Structures are given as structure tokens and as C-alpha cells.
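Taking numbering that gives the first Met the number 0, the leading residue of the sequence shown gets 0, the next gets one more, and so forth.
All C-beta atoms, glycine included, are put in the ideal place defined by N, C-alpha and C.
Please read all numbers here as calculations on a predicted model, not as lab measurements.
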Amino acid sequence: MATNENLPPNVIKQLAKELKNLDESPPEGIKVVVNDDDFSTIYADIDGPAGTPYENGVFRMKLLLSHDFPHSPPKGFFLTKIFHPNIATNGEICVNTLKKDWNPSLGLRHVLIVVRCLLIEPFPESALNEQAGKLLLENYEEYARHARLYTGIHAKPKPKFKSGAISESTTALNVDQTNTSVLSADVKTSPASAALPLPSPSPATTVTRGNSQEQAASAVLTETIVNGSTTGTVISSASAPQKKEGGQAKAQVDKKKIDARKKSLKRL
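Right, dumping it as C-alpha cells:
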């Protein structure tokens with residue numbers, strides 16, 4: 000793993016100053032990732048320029064600085080897959096600034112701006128990706144379609160969540176669950192109370208005086224009024240004593256008639 004020990008102290012000092020400047024005042028569409036422990040590898044995220052097939056994409060690249068930097072140019076690589084004439088399938092960047100046109104006085108800012116401009120105006124004559132270079136020269140629409148496809152698949156930026164979005168979603172979920180629980184509770188309790196109307200307690204108490212079985216029915220009726228869950232049992236239990244009392248009254252009337260007939264026969 001490369002470290003700052005691979006670079007001369009004066010170069011490290013110059014790089015530290017330049018990287019600080021890039022961090023505080025980045026070029027348009029470029030964000031440099033600073034690692035204070037290793038200046039020999041510079042990472043940057045490049046936004047796809049508007050009006051190009053790379054628009055709306057974010058491309059990660061790196062610059063590798065050799066031990067004799069800045070006398071020799073850095074090597075540039077795209078880490079994000081991209082369909083571009085001047086970028087090889089392994090990510091290597093081919094641009095004159097990093098080769099024959101290199102000058103030790105050029106800084107990292109200049110190099111990064113040149114790389115982003117390469118996305119705006121490719122050079123198919125010095126193509127590392129021959130397929131992309133050929134399509135660019137012969138059929139731009141087909142070239143642009145391939146480039147947009149690569150951009151949509153590989154250079155799609157990660158979604159950014161708004162502040163508080165997760166807590167708001169959790170709160171909404173809890174509210175929905177609460178409403179569902181209340182609704183299910185209403186559905187479960189409504190049949191017991193709405194299936195049949197509860198009878199008035201006063202007639203039952205009148206009927207049950209002086210009779211133990213009818214008093215038990217009255218007790219069941221009282222339980223039903225409190226709990227609201229045994230309506231059917233109450234109705235059947237209360238109706239049974241009423242029928243029994245009606246039968247007893249009829250039997251007494253018949254007995255009286257028989258006694259009256261016996262008395263009449265005795266008189267005769």
C-alpha cells in the first residue's frame with residue numbers, strides 16, 4: 000500500500016496545500032476525496048456534464064502519483080465503468096495532458112478539469128476503446144445510446160435521504176398499524192353486541208322472584224349486561240322458566256275445574 004513516504008517532503012507539502020485548496024474550492028462538477036495519510040493516490044468523483052451521454056452520472060476516478068512526481072505525470076484511471084473512446088475497458092485514461100503534453104508546473108486541478116472536459120469532447124483519433132471510437136466517428140446516435148446505457152447502469156448516483164424521512168416513515172407506519180388494530184377490535188366486538196338487542200333487565204327480575212331457577216336466570220342476565228357476550232344464552236335461559244310457569248298455571252286451572260265437577264257430582 001502506497002504511503003506519503005514514497006514522495007519527497009517538498010512534494011508532500013505542495014500536495015497538501017493543493018488538496019486543501021481543492022477541498023475548500025472544488026472545480027465545477029468535481030469533488031476530490033482527500034486522504035491525509037496517502038497523497039500518492041488521489042480520488043475524485045466527476046459529475047457527467049450536461050448535454051452529454053454521461054449526464055446525471057457520477058464517475059469515480061483516481062490519479063496515481065509516482066515517486067518522481069511532478070517530474071513524471073500521474074496515471075489516471077476510471078474506477079466507474081464508462082463507454083468512452085479515450086478510456087480503456089480497464090479504466091486507463093488516454094489524454095495528452097497525462098502524456099506528451101505533461102508539464103511539472105501543471106497542478107492536480109488542471110489535470111482533473113482536463114479529464115472532465117474529455118467527457119464533453121472525446122478524441123476518437125487516439126482511442127483506447129476502439130469500438131467507442133469507431134461508433135463516435137460513424138454513428139454518433141449509436142455511440143450515445145451505448146454511453147447512456149453504461150451511465151444508467153454503472154454511474155447511477157446513490158439516493159440521498161432527506162433529514163427526518165426515516166422517522167416520518169416510521170411514524171406513519173405506526174399510525175397505520177394503530178388504525179388497523181382499532182378497526183380489527185371493532186370488528187371482533189361488534190357482532191356480540193349488535194347481533195341481538197339485549198332485553199330489559201326489569202321484566203326478568205320480576206319473573207324470577209321466589210324461584211331459585213329463575214333467580215339463576217336473572218344472575219345470568221346480569222352477567223350478560225355487564226360482559227355483553229352471552230346474549231343468546233340469556234334469552235334461552237330466561238324463556239325456559241317463563242314457559243314452565245305458564246304450564247303450572249294451566250295445570251292449576253284444570254285441577255280447579257276437576258274439583259268443581261266432583262263437588263257437583265256429590266250434590267247429585
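Enclosing beta strand (DSSP E) for residue i [first to last residue]
i, result
"L63", "57–63"
"T40", "40–46"
"G75", "74–77"
Strand pairing of residue i, partner residues [DSSP]
i, result
"F82", "DSSP lists no partner for F82."
"V33", "For V33, which the question treats as bridged, DSSP gives no partner whatsoever."
"I152", "Bridge partners of I152: none, in fact."
"E91", "F76"
Buried or exposed by the 16-neighbour rule on C-beta atoms within 10 Å, applied to residue i
i, result
"Y139", "exposed"
"A43", "buried"
"I92", "buried"
"G56", "buried"
"D258", "exposed"
"T88", "exposed"
"I41", "buried"
"P117", "According to the sequence displayed, residue 117 carries Leu and not Pro. Buried: at least 16 other Cβ atoms inside 10 Å."
"L6", "buried"
"D46", "buried"
"P121", "buried"
"Q251", "exposed"
Chain-order list of residues whose beta-carbon lies under 7 Å from that of residue i (same chain, five-residue window excluded)
i, result
"K80", "Y149, H153"
"L78", "R59, M60, K61, G90"
"L21", "V31, L107, R108"
"S65", "S71"
"V33", "L18, D22"
"A143", "P52"
"E141", "L134"
"I119", "P48, T51"
"N95", "none"
Proximal residues to residue i (C-beta, below 6 Å), its chain only, five neighbours per side dropped
i, result
"P123", "P84, G132, L135, L136"
"S211", "Note that S211 scores 44 on pLDDT, short of 50, meaning its location in the model is unreliable and no value can be drawn from it."
"A126", "P84, G132"
Delimiting residues of the alpha helix (DSSP H) encompassing residue i
i, result
"V10", "8–23"
"L107", "107–119"
"E137", "129–137"
Proximity winner among the options, relative to residue i (alpha-carbon distances)
i, options, result
"V114", "E129, D67, Q130, P73", "P73"
"A15", "K30, D36, I29, P26", "D36"
"Q13", "A146, S104, G50, K254", "S104"
"V110", "R147, P69, A126", "P69"
"P26", "P8, P48, N34", "P48"
"K155", "N95, A126, Y53", "Y53"
"Q130", "Q251, A146, S24", "A146"
"W101", "P8, P121, A143, G75", "G75"
"I29", "K254, I112, G151, I119", "I112"
"P8", "D67, G151, S24", "D67"
Proximal residues to residue i (C-beta, below 8 Å), its chain only, five neighbours per side dropped
i, result
"K98", "P72"
"N128", "F82, H83, P84, N85, I86, A87, T88"
"K254", "none"
CB contact check: residue i to chain B, cutoff 8 Å
i, result
"T150", "No chain B appears in this structure, which consists of one protein chain only."
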